[in-house]
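Numbering (the working numbering), first residue to last: 13 to 461.
Don't be surprised by glycine CBs; every beta carbon is placed ideally from N, CA and C.
Worksheet for the structure shown next.
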Ligand SMILES: Nc1ncnc2c1ncn2[C@@H]1O[C@H](COP(=O)(O)OP(=O)(O)OP(=O)(O)O)[C@@H](O)[C@H]1O
Ligand SMILES: [Mg+2]
């Protein structure tokens, strides 16, 4: 066995069976989750990558066959083995028709159980290998990939790669232009769902009056003018990933409806009398501090906790300035292709300016600046003159003092204070801020002069 240990979900309403099965399986180095209540099992299937579902056939609440059907829908990659008592073989055969891998009869013989599990997992392994191949391919699709190799960004990338394997809901936080949408797409592309749809909805861009039918869809005749039905984005994303961008803007009655989707995995189309099952991985994004919105009573706390299972924070560009050279190269390539140009790079002084700017618009701002430069330049190198004036006229540039080695520290301090004051046109408060000291220190030093 490789270092990957498959997760087996065992469902049986008899405690003693659960106990003995889990003992056998753990001894074989499997990860095991046991559930007495099949409804709990549904929750596990929704949230974990279960390699194998080992389920009893006759149970209270949900019978094994229905659990099997739900599992096929919620977690199609999980293999299923049904356990059945003598005499109910017909149902077991039906289970296989519905997609179970095999069945075993009770009382369970250890050797037969392990052999069947082994075979089912062999099949599962093929599925898994396929998945990691796809993951690599996605990583190679450079155009749509998050670029950056600073330590801060690598941490974020690691988290993104990790969460892509799970089904847990993700909340992406980040200032405007930090790459929240691209991060969501990356999570989808690296996940086993990459072949399924990725649907993005911006909650802030849609008028409140239509957002409900846009998200949930409606049936024919649901309201005046609904001459035909409409699926809605949730159902479009069935099997795949749904990004709810600017989730902080979602109206409160829709927050309630969304909570139901997350709790029960069902979509209620407007005007429909029956809810539809759907298998959706939800990613929400926001630039707002949702915790504060909860405190202010603007966002439901229960929904917040449902969404915030995993939290990914996209760092602002000013905290990872060492990523700028790589990003610039990436964007030059991108816009060379788009504009049929052959710009070779950027000169050092232009790069220096980009690397010391504070980037309020983050990566999007950098991307726009490089596109503009690629289009405007008549040479094959981007130079300072190709950058927009708001960057090149920053007064901070080139302002420095020089001191002789061996100058007493106090003199250096006095000199830097004096020069900073000259730079702020004598404004002591601004100077203190720039120097990171108290304003009264400046007053004291200046009066000592
Ligand atoms: N790390 C990155 N590598 C490459 N391109 C990036 C990166 N981060 C962002 N981008 C690009 O910057 C632009 C803005 O990114 P995106 O739309 O994902 O940001 P956002 O956080 O969703 O912004 P907003 O809050 O304004 O919606 C996109 O064109 C995206 O492709
Ligand atoms: Mg966005």
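Range covered by the beta strand (DSSP E) that runs through residue i
i           : result
residue 185 : 182-185
residue 356 : Unbroken run through residue 356: none, as it is neither H nor E.
residue 242 : That residue, residue 242, is in no beta strand (DSSP E); it is neither H nor E in DSSP.
residue 297 : 293-298
residue 257 : 253-257
residue 91  : 91-97
residue 331 : Taken as a continuous stretch (DSSP letters only), residue 331 belongs to no beta strand (DSSP E), as it is neither H nor E.
Cα-Cα separation between residue i and residue j, rounded to whole angstroms
i           : j           : result
residue 50  : residue 128 : 22 Å
residue 234 : residue 290 : 21 Å
residue 199 : residue 159 : 14 Å
residue 30  : residue 47  : 8 Å
residue 181 : residue 439 : 49 Å
residue 73  : residue 89  : 24 Å
residue 81  : residue 75  : 10 Å
residue 292 : residue 283 : 21 Å
residue 307 : residue 191 : 27 Å
residue 451 : residue 247 : 59 Å
residue 325 : residue 166 : 12 Å
residue 337 : residue 366 : 9 Å
residue 488 : residue 204 : The structure shown does not extend to residue 488, since the chain is modelled only from 13 to 461, so the question has no answer here.
residue 28  : residue 243 : 45 Å
residue 408 : residue 173 : With a pLDDT of 49 at residue 408, under the threshold of 50, the modelled position of this residue cannot be trusted; read the value that follows with caution. Computed Cα separation, rounded: 39 Å.
residue 34  : residue 189 : 48 Å
residue 437 : residue 210 : 53 Å
residue 17  : residue 299 : 37 Å
residue 329 : residue 387 : 23 Å
residue 84  : residue 54  : 11 Å
residue 133 : residue 252 : 24 Å
residue 135 : residue 64  : 11 Å
residue 447 : residue 194 : 37 Å
residue 410 : residue 227 : At residue 410, the pLDDT of 45 sits below 50, so the modelled position is not reliable; the number obtained from the coordinates is stated separately. Straight-line Cα distance between these residues: approximately 53 Å.
residue 400 : residue 286 : 56 Å
residue 223 : residue 266 : 9 Å
residue 327 : residue 350 : 28 Å
residue 333 : residue 301 : 24 Å
residue 157 : residue 114 : 41 Å
Residue interval of the alpha helix (DSSP H) (run including residue i)
i           : result
residue 403 : 401-404
residue 161 : Neither: residue 161 is in no alpha helix (DSSP H) and is coded neither H nor E.
residue 446 : 440-447
residue 273 : 264-276
residue 210 : That residue, residue 210, is in no alpha helix (DSSP H); its beta strand (DSSP E) goes 210-214.
residue 63  : Premise fails: residue 63 is in no alpha helix (DSSP H) and is neither H nor E.
residue 104 : 101-109
residue 426 : 421-435
residue 218 : Residue 218 -> no alpha helix (DSSP H), and no H or E assigned at all.
residue 316 : 313-319
residue 23  : Where residue 23 is concerned, there is no enclosing alpha helix (DSSP H), although the beta strand (DSSP E) it sits in stretches over 19-23.
Any non-hydrogen atom of ligand 2 closer than 7 Å to residue i Cβ
i           : result
residue 192 : yes
residue 345 : no
residue 257 : yes
residue 296 : no
Any non-hydrogen atom of ligand 1 closer than 7 Å to residue i Cβ
i           : result
residue 202 : no
residue 188 : yes
residue 302 : no
residue 326 : yes
residue 262 : no
residue 158 : yes
residue 305 : no
residue 375 : yes
residue 342 : yes
residue 254 : no
residue 383 : no
residue 183 : no
residue 379 : yes
residue 265 : no
residue 171 : no
residue 366 : no
residue 339 : yes
residue 370 : no
heavy atom of ligand 3 below 7 Å from residue i C-beta
i           : result
residue 213 : With respect to small molecules bound, the structure shown includes ligand 1 and ligand 2 and not ligand 3.
**OP:** Report yes or no: do the segment 14-34 and the segment 68-87 share at least 3 C-beta pairs separated by less than 8 Å?
**Re:** yes
Original post:
With a cut-off of 8 Å, do at least 3 Cβ pairs link the segment 167-182 to the segment 213-225?
Top reply: no
**OP:** Would you be able to state if there are at least three C-beta pairs under 8 Å between the segment 314-326 and the segment 238-254?
**Re:** As far as the Cβ criterion goes, the segment 238-254 does not touch the segment 314-326, which means the pair count is below three.
Original post:
Does the segment 339-347 come close enough to the segment 309-316 to have 3 or more Cβ pairs within less than 8 Å?
Top reply: no
**OP:** Inspect the CB distances between the segment 379-393 and the segment 417-431 and report whether three or more fall short of 8 Å.
**Re:** They do not touch, by the three-pair rule.
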